[in-house]
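To convert, count from 1 in the sequence shown and add 2; that's my numbering. Note that beta-carbon positions come from the ideal geometry of N, C-alpha and C, so glycine has one too. Working notes, structure below.
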Amino acid sequence: MEFATDEDSEGIEAMMAQAKRGAKRVEIEAAELSAWLERGDSPRFVLVVGEETILRDRALEQLLDHFVDPGLADFNLDRFSGDTIEVDRVLSSCATLPMMSDRRVVLVRSLQAAHHARRSKLLEGLADTPP
């Protein structure tokens, strides 16, 4: 599972759509996140966007609490930042199987800070990663 967080959704949604290739898109408000998680939805990509930093951070915290066992976070959670992103490392993390868990989470913050060529390479690579 990959999370991308961004304070400005301009252009990011189009990039994620390119990576998802036909995946179902669900838009939810921050207040609906708990109910959505309780339904057991298991998305491949989650894009957290919004102008309110505190709401984005809360949503991200909820997602991480739900999808990552704190005792296994060292094995199943990788964090990257768009301004220093190394695409091959992100894609390698996405392709790595989870350890003692059903899922692995790759978090990319500030994706808009990545150079356009790096974003494109990342999204092309994500489209080719197995579900």
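Own chain residues within Cβ distance below 6 Å of residue i, not counting five before or after
| i | result |
| --- | --- |
| Val107 | Met3, Phe69, Val70, Leu79 |
| Trp38 | Ile30 |
| Thr55 | none |
| Arg81 | Leu109 |
Extent of the continuous beta strand (DSSP E) to which residue i belongs
| i | result |
| --- | --- |
| Leu49 | 47–51 |
DSSP-derived helix/strand/coil call for residue i
| i | result |
| --- | --- |
| Thr131 | coil |
| Ala37 | helix |
| His1 | Any question about residue 1 goes unanswered here, given that the chain covers just 3 to 133. |
| Ile56 | helix |
| Ser122 | helix |
Own chain residues within Cβ distance below 8 Å of residue i, not counting five before or after
| i | result |
| --- | --- |
| Gly73 | none |
(request) At 3 residues or longer, and completely inside the segment 61–110: list those beta strand (DSSP E) runs for me, N to C. (result) Taken in chain order, the complete beta strand (DSSP E) segments of 3 or more residues contained in the segment 61–110 are 79–83.
(request) Check whether the segment 79–89 touches the segment 112–125, taking contact to mean three or more Cβ pairs, one atom from each stretch, closer than 8 Å. (result) The segment 79–89 is in contact with the segment 112–125.
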